[in-house]
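>
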Amino acid sequence: MPKLKTNRGAAKRFARTGTGKFKRAQSFKRHILTKKSAKRKRQLRNATLVHPSDTAGVRRMLPYA
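Residue numbers (our numbering): 47 to 111.
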């Protein structure tokens with residue numbers, strides 16, 4: 047059976063945690079930041095986990111992660 051290709055876009059966006067879940071960066075932090083509160087921008091810095099309903103798709107894109 048041939049090797050599977052990793053989706054390189056996904057590889058740059060998602061990382062595997064020690065427990066096998068996927069972590070990701072928060073969105074909404076690129077532009078139009080003046081109307082967002084400092085608290086909101088500070089909380090968007092932190093990484094979060096991929097939602098369980100999306101995990102299967104991410105796992106398919108990252109077969110060796």
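Every residue gets a Cβ at the ideal spot worked out from N, C-alpha and C, and that includes glycine. Keep in mind the model is a prediction, meaning the values are calculated, not measured.
When burial is assigned at 16 or more other CB atoms within 10 Å of the CB, is F60 buried or exposed?
F60 is buried by the Cβ-count criterion.
> Taking just the CA atoms, how far does R54 sit from K67?
So the two alpha carbons sit approximately 18 Å from each other.
> Taking only runs of the beta strand (DSSP E) that begin and end inside the stretch 60-111, which ones reach a length of at least 3 residues, in chain order?
The qualifying runs are 60-62, 68-70.
> Under 8 Å Cβ to Cβ from L95, same chain only, skipping five residues before and after it: list those, please.
Hits under 8 Å: T63, K67, F68, K69, R70.
> Taking 7 Å as the limit between beta carbons, can you name the residues of its chain near R105, skipping five residues before and five after?
Cβ within range, chain order: n/a, list empty.
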